[in-house]
Structures are given as structure tokens and as C-alpha cells.
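Student:
In the numbering used here, the protein residues as written are 3 to 329.
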């Protein structure tokens, strides 16, 4: 006989088959737990637990004959045999447990897929950030080269570099980091061959890019993402300020503008620990690029640019590889 008590289902007059002796008692299904309680004594109303397992621990359940069910647990090849009071109860309990097991399997698979989707989403997000970071770095490099070669009236170099700039600007635009009409402005300015117009257009681009990093991440699906991976979108503003400072410093160094170089170097020194703190793997060796070395050695800025370029490329490659392995 079966009794229903709220969410629990209880089967009376159940026999648990043992090698030495069969035990009479009741079988209860409570949530995802299966419990067999044997009766204590002949006239006592007390029961004690003889067998207990969970749905997760069950490998399979079979029916034998009219009213016997055989439960096989995951960590055992032997079966636990119960004889129910009627074939109807045996059928019902088999169907119920199988449904619960199938639901658990489905939930587990969905959980694994959700975790996998989350890992892929985080990997895609990190790749996007590293891609934007490297392209911002590249754009800054190109803009200051264009500025220097403009001052030197090296127009062949300017024309070559502006083509590289247009390509990188287009890639940033594809990543929803837009410079708007400033790209057309610099192309038009370069055609004019007017130094002041070109430099002003470059300053406009630097300002526009900085402003574009102050808004939330352009993709809605990443605005609520929770990740411990660094950097995140919110960290790019500091990296951008560092990039502007270091290429500005290199430009002033090449143009022998000593006072301006000192100011920009001071900004580089200021942003190094900030940027380092925003990357899971530090970009710079703090002992190597100290205030002393940056102020005393003339080759430090160029070396720092080269090493940062290589590190950013490696970070982007590693992130792309991780995405590829997950897909």
C-alpha cells in the first residue's frame, strides 16, 4: 500500500531481500532520497533505517517479475532488491525513479553546458579586450610616427603610415570602438600637407579615442559579465593614458624636446604600476623599469615600447588559442 505525505511517497509492506534474511518494512521516496526502514520488533511501531541512497547514486533501476525492483548503484555492481506489495507499485516506483534519474542527467548536462558557455563567453570577452588593447597601442604608435614624419616633411612615410592607421582604425570600428569622422579628418588633413592641420587632427583622434573608452563596454552581453580575468573594459582607460604617455615621450625624445620629454616620462612612471595592477600577468618588470632607469637611461622608453608590444601580441595569441580550444 502507498501513502503520500506532502512531497514524500511511502510504500508499505515492502520486503528488502538480503542474503541471510529478508527484511520487512517501508520504502520512502523523499525528494531525491530513497530510504528503506525496517520495523523494530513484532509489536513495536518504531522503524529504523536499514538502507538509504540518493538518485545521483543510482546507476539504473530494473523490474523483475511482477513486483520486484532491482536498484544498481553507481559504485557497486551488485543490486539492492525490493519486493513491492503490488505490480502497480513496482511499475510506479520504477517510472518515478527513472524519471528523476533522467531529470538529474539532463540537469547535469545543462549545468555543464552552461559552465562551458560561460567559459567560452569569458574567453571571448578577454580576447576582445586584448584585441582592442593591442589595436589602441598600434594606433597610438602610428599617430605619433605620422606626427614626427609630418614635422620632418617625410610625406612618403606619412602616406604609408596613414594607410596602416586606416586599416587599424577600421578594425577598431569593427570592435565598436569608433573614432567617428576623425578618421576622415586626418586623411583630409594629410592631403593638405599642412603641419598644423595634421597635428590638430591627430590631437582630435587621441581625444575621441579616450572618450570612447569612458562608456560601458559596447557589447550588451558583456556588461554584466563577472570575471576575475584582467584586464577588463574598465581598465582600458588607464592603459590608454599610459600608451599616450609613452609614445608621446618617445616622440619628444626623437624631436629633442627635453622639457616636454620629462613631463611625459613622469606620466609613464606614474602609470606603470597602475597598468601592471590591471593585468593578470604584469606587463612590466617593476625593478627593470624604475623611476631611476627611466630618468637616467635614454634607451629605456624604446625598450619598454618593444617589450610591451611583444607582450600584448603574446597575450592576444594566447587568448585566441584558448578560445579555439574551447570551441
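All C-beta atoms in this analysis are idealised placements derived from N, C-alpha and C, irrespective of residue type, glycine included. This one's a predicted model, so the numbers in the text were calculated from it and none came from an experiment.
(1) If you scan the segment 192-275 from start to end, which runs of the alpha helix (DSSP H) of 4 or more residues do you find wholly inside it?
(2) Starting from residue 314, trace the alpha helix (DSSP H) in both directions and tell me its first and last residue.
(3) Where does residue 32 sit, in a helix, a strand or coil, going by DSSP?
(4) Please return the same chain residues whose Cβ sits closer than 6 Å to the Cβ of residue 311, not counting the five positions on each side in sequence.
(5) Return the chain-ordered list of same chain residues with a C-beta closer than 7 Å to the C-beta of residue 219, the five sequence neighbours on each side being excluded.
(6) Since residue 284 is in the alpha helix (DSSP H), which residue starts that stretch and which ends it?
(7) Sorted by chain position, which residues of the same chain lie with C-beta nearer than 7 Å to residue 61's C-beta, five sequence neighbours on each side aside?
(8) Looking only at DSSP bridge pairs, what is residue 17 linked to?
(9) Since I believe residue 195 is in contact with residue 157 (beta carbons under 8 Å), could you give me their beta-carbon distance rounded to a whole number of angstroms?
(10) Which word fits residue 327, buried or exposed, when buried means at least 16 other C-beta atoms lie within 10 angstroms of its C-beta?
(11) The alpha helix (DSSP H) with residue 169 in it runs from where to where?
(12) My assumption, with CB atoms under 8 Å, is that residue 17 sits in contact with residue 26. Please give the rounded CB distance.
(13) Can you tell me whether residue 8 is helix, strand or coil according to DSSP?
(14) Kindly indicate which three-state DSSP category residue 289 falls into: helix, strand or coil?
(15) Can you check which of these residues, 20, 227 and 233, is closest to residue 124 by C-alpha distance?
(16) Based on the DSSP secondary-structure assignment, which residues constitute the bridge partners of residue 72?
(17) Helix, strand or coil: which one does DSSP assign to residue 48?
(18) When we look at the beta-carbon of residue 143 and count the other beta-carbons within 10 Å, is it buried (16 or more) or exposed?
(19) Inspect the beta-carbon positions of residue 152 and residue 201 and report whether they are closer than 8 Å.
(20) Look at residue 253 and residue 211 and say whether their C-beta atoms are less than 8 Å apart.
(21) Quick check: the Cα distance between residue 150 and residue 116, rounded to an integer number of angstroms?
(22) Alpha carbon to alpha carbon, how far is residue 113 from residue 56? Give it in angstroms, no decimals.
(23) What residues in its chain sit with their C-beta under 7 Å from that of residue 309, if we drop five residues either side in the sequence?
(24) Between 20, 95 and 89, which has its C-alpha nearest residue 10's C-alpha?
(25) Say whether the segment 318-327 touches the segment 127-134, bearing in mind that this needs 3 or more beta-carbon pairs closer than 8 Å, one atom from each stretch.
(26) Taking 8 Å as the cut-off, decide whether the C-beta atoms of residue 63 and residue 86 are in contact.
(27) So is residue 89 buried or exposed if we call it buried at 16+ other beta carbons inside 10 Å?
Tutor: Taking the geometry as given:
(1) 197-214 and 238-256, all fully within the segment 192-275.
(2) 302-328
(3) strand
(4) none
(5) 225 and 235
(6) Here residue 284 belongs to no alpha helix (DSSP H), and DSSP marks it neither H nor E.
(7) These residues qualify, in order along the chain: 74, 75 and 76.
(8) 26 and 85
(9) Their Cβ separation, rounded to whole angstroms, is 7 Å, which keeps residue 157 and residue 195 in contact under 8 Å.
(10) exposed
(11) 157-176
(12) 6 Å
(13) Interpretation of residue 8 is limited by its pLDDT of 47, a score under 50 that renders its predicted location unreliable; the figure taken from the coordinates is listed afterwards. Residue 8 falls in the coil class under three-state DSSP.
(14) In the three-state DSSP reduction, residue 289 falls in the coil class, being neither helix nor strand.
(15) Comparing C-alpha distances from residue 124 to each of 20, 227 and 233 shows the shortest one belongs to 227.
(16) 64 and 83
(17) Residue 48: coil per DSSP, three-state reduction.
(18) buried
(19) yes
(20) No.
(21) 51 Å
(22) 19 Å
(23) none
(24) For residue 10, the nearest C-alpha among the options comes from 95.
(25) At 8 Å Cβ cutoff, the stretches touch.
(26) A distance of 8 Å or more separates the beta carbons of residue 63 and residue 86.
(27) exposed
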